[in-house]
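Enquirer:
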Amino acid sequence: MIQPAKPDLVTVFIDGKEIAVPKGTNVIEAARMVGTDVPHYCYHPKLTVAGNCRMCLIELGMPMADRATREPIMDPETGKQKINWIPRPQIGCGTTVVPGMHVKTQSPMVKECREGVMEFLLINHPLDCPICDQAGECKLQEQATGYGRGYSRFIEQKNVKPKRTQLGPRVTLDDERCVLCSRCIRFCQEVAKDDVLGFVDRGSYSTLTCYPGKELTNNYSLNTVDICPVGALTSTDFRFKMRVWFLKQSNSICTESSVGANTVVWSREGVIYRITPRQNDEVNDTWMADSGRILYKEVQSGNRLKPTSDLKTSVAAAGSLLQDGAVAVVGSGRSSVEEQFLTAKLAKQLGATSYIVARHGEEDGLLISKDRNPNTRGALVTGLISDLPATELSDLSADIDAGKVTTILSVGEDLTAAGLSAEQLAKVTLVYLGSHANATSAAAKVIIPTLTVFEKSGSFINQQFRLQKFASTIPGLAGAADDRVVLDQLLADVGGASAGSDLPSVWAELSAQIPAFANTAYANIPATGLLLDSSNWSGLDFPEGESLHFKPAAAEATA
Amino acid sequence: MSFKTVERKPLTFAERTYVPQIVNGLMTTFKKMVKPNETLEYPEARPPIPEGYRGVPTLVKDPNGREKCVSCQLCEFVCPPKAIRIKPGEIDPTSDSAHVEKAPEAFDIDMLRCIYCGLCQEVCPEEAIWLQNVFSLSGYTREEMVNDKDKLYELGGTLPDKHFKWDQKKAAEDRGNAAH
Amino acid sequence: MIDLYLNLPVWVQATIKGLIAIGVLIPVAGACSMAERKVSAWIQGRPGPNRAIVPWVAWIPFVGKALQRLGVFHLMADGAKFVFKEDVVPGHVNKFYYYVAPLVALIPALCTIVVVPFGAYIDATTETLKPLILADVDVGILAVFAIGSLSVYALILAGWASNSKYPFLGGVRASAQLISYELSMTLSVIPVFLWVNAPGGNGTLSLFDVVESQSQAGFLGGMWFIFLMPMCAFIFLVALFAETNRQPFDMPESESDLVGGFHTEYGEFKWSLFFVAEYVHMTIGSGVFVLLFLGGWNPLPWIPLEMVISSMPMWLGALVGVGCFLGKTFFFIFFFMWVRWTLPRFRYDQVMKLGWQKLLPLAIANVIFYALAIAMIELS
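Residue numbers (the numbering used here), protein chains in the order written: chain B, 1 to 559; chain Z, 1001 to 1180; chain C, 2001 to 2380.
Quick look at the structure:
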């Protein structure tokens, strides 16, 4: 009688609402699709189902049919098929939908089950909310409010467990707060592949701990903090820094490598307090590396370049230096697509050769790739470079030695790190645009301080040729100018046609001049990114190996 | 619209001359004049402060001298004029109250912004912030009108505590699970 | 001392007398302003000004404290403030008349004191009672009315010269109000002089004679006129309130609807001149009322001053007379303040209605009644 609408869809009834969901979906996800929240602790969509918190209990029923004839049994009162409700509640996370399944998520029994589970969970949970960093984003708080009884009947002594255990260099554990959901254990087993966590002891004394002699040191350890539904696992870096309800969330992109993990930057009044991953099922699921989470510290670092003169004067000084002499432009794989485009335009106007510097690091096959520039592909797409960059600027080095280059414009790149010697830098006139001081800025004639990635907006193209945008999260350092503005003004100063430095203007030009961006506007880039046509660059041998949601083109071709 | 006509007694002749009324009024004011003063001579004489009066917000310590505030920042959050500014910090692990873990590193209340609404006191889960009976507060500069942590504790002093929540917590930690 | 004084030229004597009058009246006006503040405070159930103190006075035990509680030094501080405040003149005023108005207010007020006797003494040579007065002129009450009513010009002038709407309205109100009540006031004293000027005698308007006729022997002769002619006294009193711009007749100022009326644009010393003028008016008005209706310097009804002081030295007798007179006057000044906190201000139309439709007919009827009554008594 009930036919699935499509072969791979299953029709179920959740609180009487009919919905077709993909086969294999569990009840929690199916309920989410009809907008019903089924509370849960241990279930996590990206991890296996453990089913040990019992919070997602629901009532389940199947339409009744006569066993012998398989004829549906009708209810004479309503004229509909009778539902055979299972007398005991079932867990929503571990129950996969089957056609015709009926689910009750709001029935009195479900309510009572939730109240009971909440009461058990809170028995030994300490009254730590005032000092707990999870307060405000704590599932236990939310669900105690939403589904709890509202008062406690427990008058005995609460359990005592170790507080302030250092599980690893970045994670602190408060065992008393733990609800034993085992999300962190499963994460370490399944995603980080570093199986160091586990429960010891039994019953009320069950305790999360590290395998003796081991520590939670892997580069993904802070994801356990993110997925911990309570305040048991806390980030040592973020611990006691700021309550989460004060923090403003802005979407950003991790600049650690060409993976381009989607992130949320949490800031208050111009100060960034932490970075957490943002779910993007095509790129990073709900994870990100620990090493990417501390990048915000560069904003407050002591070696930020501070303005010494106003932007107009610096741009005029830089412009006059760039207009005489043979110029080379060193762009950056860390610049945004827009900045690379403007750099390319500037290089063209100056008649200069443009380079970018490649950065290679170890890849971990998960969320850190070999190419440590977040936007190498942006440089290719915008035409800043035409071939894959090298880690050393040997061509430029030869040109300096031969005297073919007398002026270099560096956009945030430390040229000494790219193989140029101090003597070579002394031979040329240097103009440096960047946010932090380094050997190149020390040698530069003109320095124009610019912003970090957290202070400006733009977009990157990651290893999948996915165009992803990031928003400015905090106001820029006083006096430092947005790279886009600086490049645009430099372009105007050396006689180029400026089309405006704001994002809509730059993107109007980008979509007109770059075939890959045809009909694209910045505002229209989806939150999960826009996959570009990469066929023009399929011949290039990109350094990245396989990682989460990414297969190298070569590997894909052979596969 | 409906109207209701109010019956008024016609005035007598004496009333219409106003003279008896004026004499009456003069009697009343004279009586008032010879009565003792209604007012207080303020700086020397102070009014009795009623229970639950909302004066200047202060921070208090418990009878054992432990600072009660754990810098949960709920008062900062609830403060309608955003007068409260807290910098949370960790308690020194060697301290007696290390088990509380968290205490304010800085706690400023801008009394130029404070509206004495008492929401901070109401929201405080540790009963650490109290609007006590100080009602007059002055300073020569704006900076002086910002009460810092030291000033707040000086104003607040010590208040009796019924719960000793953290002392009980420490006792439980020392006892361990042996009682179970 | 007295001989030396009497040997001085007349104009020097006059100047000295005038200076003494000013030297007494202006502090009295100041004291009135202080009293106004204290009485207001007491009626409102508060202590009133009690803080200012001069250091070396503070060291005097009890007295210093008492003076401080009385707020005496506030008076000095306020006076000094008025003198030393920056003299601000608004740009839009008519400068000349703006400056003249306060003087026009103060000068007539001070002038009226000249014809008001403030005590009596027994002249040693003639053994008769002589008034203590600056100028014993026959016209007496007429001079008081004539000079006193000049003060309305000050208000009109101030209101007009200020060149702004509230002062102007205040000035207009002042003119209408003062003229309206002057009629009733003048009519109300006619019976008094009808009584004083018995047929056959010398006609007089002298206030001294009015008091003298309240100091006769016998029941009617020793009776104060307030008992003999209560209606006259009532009308005179009401009109006096209106003439001195006191509550409930302070329409020219009425700070609630006219922001201060004629002196809205005035400040510092010029304003204080208006202020002093008002209190001088009040003082002299009270004095005239005492002379007309309350037996002047006679201590009690049916007990004339002469009886009390005949055995005393001259200077003591004079002091007792002045004391009685001033005591009654100060009670009246207090009465002004007392009424101020009892009655609310009238509406302007009520003021006009009261003046023209109630008080004036009453005064006319009063004059006719007493004229007939006195004629009956005289004829019988």
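Yeah, the Cβ is synthetic: ideal placement off N, Cα and C, and Gly gets one too.
#1: Could you tell me whether the Cβ of residue 1042/Z comes closer than 9 Å to any Cβ of chain C?
#2: Using only CA atoms, which one of 1141/Z, 1115/Z, 1155/Z and 1030/Z lies nearest to residue 1134/Z?
#3: Let me confirm a value: residue 1084/Z is counted as buried when at least 16 other C-beta atoms fall within 10 Å, else exposed. Which label applies?
#4: Cα-Cα, which of 222/B, 19/B, 199/B and 87/B is closest to residue 212/B?
#5: Just checking, does the stretch 488-504 of chain B make contact with the stretch 282-300 of chain B on the three C-beta pairs under 8 Å criterion?
#6: Compare the Cα-Cα distances from residue 2318/C to each of 2131/C, 2014/C, 2051/C and 2087/C and report the closest residue.
#7: Classify residue 2244/C as buried or exposed, calling it buried when 16 or more other Cβ atoms lie within 10 Å of its own Cβ.
#8: Report the residue from 2150/C, 2141/C and 2085/C whose alpha carbon sits nearest the alpha carbon of residue 2189/C.
#9: Does any C-beta atom of chain Z lie closer than 9 Å to the C-beta of residue 243/B?
#10: Measure from the alpha carbon of residue 313/B to the alpha carbon of each residue in 34/B, 96/B, 447/B and 506/B, then state which is nearest.
#11: With DSSP run on the structure shown, which of helix, strand or coil describes residue 429/B?
#12: Residue ranges of each alpha helix (DSSP H) run of no fewer than 4 residues wholly in the stretch 26-105 of chain B, ordered along the chain?
#13: Please name the residue, chosen from 405/B, 485/B, 365/B and 550/B, that lies closest to residue 311/B on a Cα-to-Cα basis.
#14: Using C-beta distances below 7 Å, list every residue in its chain close to residue 249/B, excluding the 5 sequence neighbours before and after it, in chain order.
#15: For residue 493/B, report the span of its alpha helix (DSSP H) as first-last.
#16: Chain D partners of residue 1172/Z, CB-CB under 8 Å?
#17: Using a Cβ-Cβ cutoff of less than 7 Å, which residues in the same chain neighbour residue 382/B once the five nearest sequence positions on both sides are dropped?
#18: Roughly how many whole angstroms lie between the Cα atoms of residue 1018/Z and residue 2355/C?
#19: Using a Cβ-Cβ cut-off of 9 Å, state whether residue 4/B counts as contacting chain Z.
#20: Identify the continuous alpha helix (DSSP H) that holds residue 1021/Z and give its terminal residues.
#21: Does residue 1164/Z get closer than 9 Å to chain B when you measure Cβ to Cβ?
#22: Hey, is residue 180/B's beta-carbon within less than 9 Å of any beta-carbon in chain Z?
#23: Using DSSP's beta-bridge definition, name the partner residues of residue 166/B.
#24: Which term fits residue 335/B, buried or exposed, when burial requires 16 or more other beta carbons within 10 angstroms of its beta carbon?
#25: Indicate whether at least one CB of chain Z lies closer than 9 Å to the CB of residue 2280/C.
#26: So, are the CB atoms of residue 47/B and residue 220/B less than 9 Å apart?
#27: For residue 2089/C and residue 2258/C, I'd like the C-alpha separation in whole angstroms.
#28: Could you check the C-alpha separation between residue 405/B and residue 193/B for me, to the nearest Å?
#29: What residue does the alpha helix (DSSP H) around residue 2036/C start on, and which one ends it?
#30: Residue 2281/C by DSSP, collapsed to three states: which one?
#31: May I ask you to verify whether the stretch 294-308 of chain B touches the stretch 369-376 of chain B, counting CB pairs closer than 8 Å and requiring at least 3?
#32: Find the residues of chain Z that neighbour residue 254/B, judging by a C-beta separation of less than 9 Å, and give them in chain order.
#33: Listed from N- to C-terminal order along the chain, which residues in the stretch 1053-1084 of chain Z have their beta-carbon within a distance smaller than 7 Å of any beta-carbon of chain B?
#34: With residue 2098/C as the anchor, note down where its beta strand (DSSP E) starts and where it stops.
#35: Would you report the Cα separation of residue 1059/Z and residue 244/B, rounded to the nearest angstrom?
#36: Would you please verify whether the beta carbon of residue 1036/Z is less than 9 Å from any beta carbon of chain C?
Expert: This is what the structure holds:
#1: Position 42 of the second sequence, counted from the start, is the residue given in the question as residue 1042/Z. By this cut-off, residue 1042/Z is not an interface position.
#2: As a first step, residue 1134/Z must be located in the second sequence, where it is residue number 134. Of 1141/Z, 1115/Z, 1155/Z and 1030/Z, the residue nearest in Cα terms is 1155/Z.
#3: Within the second sequence, residue 1084/Z is the residue found at index 84, counting from 1. Result: buried.
#4: Residue 212/B sits at position 212 when you count from the first residue of the first sequence. That would be 199/B, whose Cα lies nearest to the Cα of residue 212/B.
#5: no
#6: Counting from one through the third sequence, the residue named residue 2318/C turns up at place 318. The shortest Cα separation from residue 2318/C among 2131/C, 2014/C, 2051/C and 2087/C belongs to 2131/C.
#7: Sequence index remark: in the third sequence, residue 2244/C carries index 244 (1-based). Buried.
#8: In the third sequence, the residue the question calls residue 2189/C occupies position 189. When only C-alpha atoms are compared, the closest one is 2141/C.
#9: Taking the first residue of the first sequence as 1, we reach residue 243/B at position 243. Yes, residue 243/B counts as interfacial toward chain Z.
#10: Within the first sequence, residue 313/B is the residue found at index 313, counting from 1. Out of 34/B, 96/B, 447/B and 506/B, 447/B has the C-alpha closest to the C-alpha of residue 313/B.
#11: Residue numbering aside, residue 429/B sits at position 429 when the first sequence is read from its first letter. Note: residue 429/B maps to strand in three-state DSSP.
#12: 27-33
#13: The count along the first sequence starts at 1 and reaches residue 311/B at position 311. Nearest option by C-alpha distance: 485/B.
#14: Against the first sequence, residue 249/B aligns to sequence position 249. 264 and 266.
#15: Counted from its first residue, the first sequence places residue 493/B at position 493. Counting along the chain, the unbroken alpha helix (DSSP H) around residue 493/B starts and ends at 483-493.
#16: Of the chains in the structure shown, none is chain D; the protein chains are B, Z and C.
#17: The sequence position of residue 382/B within the first sequence is 382, counting from 1. For residue 382/B, where only same-chain residues beyond five positions count, the Cβ hits under 7 Å are 337, 340, 341, 344 and 514.
#18: Working through the second sequence from its first residue, we reach residue 1018/Z at position 18. Working through the third sequence from its first residue, we reach residue 2355/C at position 355. If you take the alpha carbons of residue 1018/Z and residue 2355/C, they lie about 15 Å apart.
#19: Here residue 4/B refers to the residue found at position 4 of the first sequence. Summary for residue 4/B: the model assigns pLDDT 49, below 50, so the residue's position carries little reliability, and this model does not support an answer.
#20: Numbered from 1 along the second sequence, position 21 holds the residue referred to as residue 1021/Z. For residue 1021/Z, the uninterrupted alpha helix (DSSP H) run begins and ends at 1019-1034, by DSSP.
#21: Residue 1164/Z sits at position 164 when you count from the first residue of the second sequence. Not one chain B Cβ lies under 9 Å of residue 1164/Z.
#22: Taking the first sequence and counting its residues from 1, the one referred to as residue 180/B is at position 180. With 9 Å as the cut-off, residue 180/B does not count as an interface residue toward chain Z.
#23: Stepping through the first sequence from its first residue, residue 166/B is reached at position 166. Beta-bridge pairing links residue 166/B to 172/B.
#24: For the purposes of this step, residue 335/B is identified with residue 335 of the first sequence, where counting begins at 1. Residue 335/B is buried by the Cβ-count criterion.
#25: As a position in the third sequence, residue 2280/C is number 280, starting the count at 1. By this cut-off, residue 2280/C is not an interface position.
#26: Locating residue 47/B in the first sequence gives position 47, where the first residue counts as 1. Locating residue 220/B in the first sequence gives position 220, where the first residue counts as 1. In this structure, residue 220/B does not lie closer than 9 Å to residue 47/B by Cβ.
#27: On the third sequence, residue 2089/C is found 89 positions in, with the first residue counted as 1. On the third sequence, residue 2258/C is found 258 positions in, with the first residue counted as 1. Between the C-alpha atoms of residue 2089/C and residue 2258/C there is a straight-line separation of about 20 Å.
#28: For the purposes of this step, residue 405/B is identified with residue 405 of the first sequence, where counting begins at 1. For the purposes of this step, residue 193/B is identified with residue 193 of the first sequence, where counting begins at 1. So the alpha carbons of these two residues sit roughly 50 Å apart.
#29: Residue mapping note: residue 2036/C aligns to position 36 of the third sequence, counting from 1. Element bounds for residue 2036/C: 2010-2043.
#30: Looking up residue 2281/C in the third sequence gives position 281. Here residue 2281/C sits in helix by DSSP.
#31: no
#32: As a working mapping, residue 254/B is identified with position 254 in the first sequence. Near residue 254/B there are no residues of chain Z at all, since even the closest Cβ is about 27 Å away, more than 9 Å.
#33: 1070, 1072, 1073 and 1077
#34: Taking the third sequence and counting its residues from 1, one reaches residue 2098/C at position 98. Here residue 2098/C belongs to no beta strand (DSSP E); instead the alpha helix (DSSP H) covers 2095-2111.
#35: The residue you call residue 1059/Z lines up with position 59 of the second sequence. The residue you call residue 244/B lines up with position 244 of the first sequence. If you take the alpha carbons of residue 1059/Z and residue 244/B, they lie about 23 Å apart.
#36: What you label residue 1036/Z is simply residue 36 of the second sequence in a count that begins at 1. Taking Cβ atoms only, chain C reaches closer than 9 Å to residue 1036/Z, which makes this a yes.
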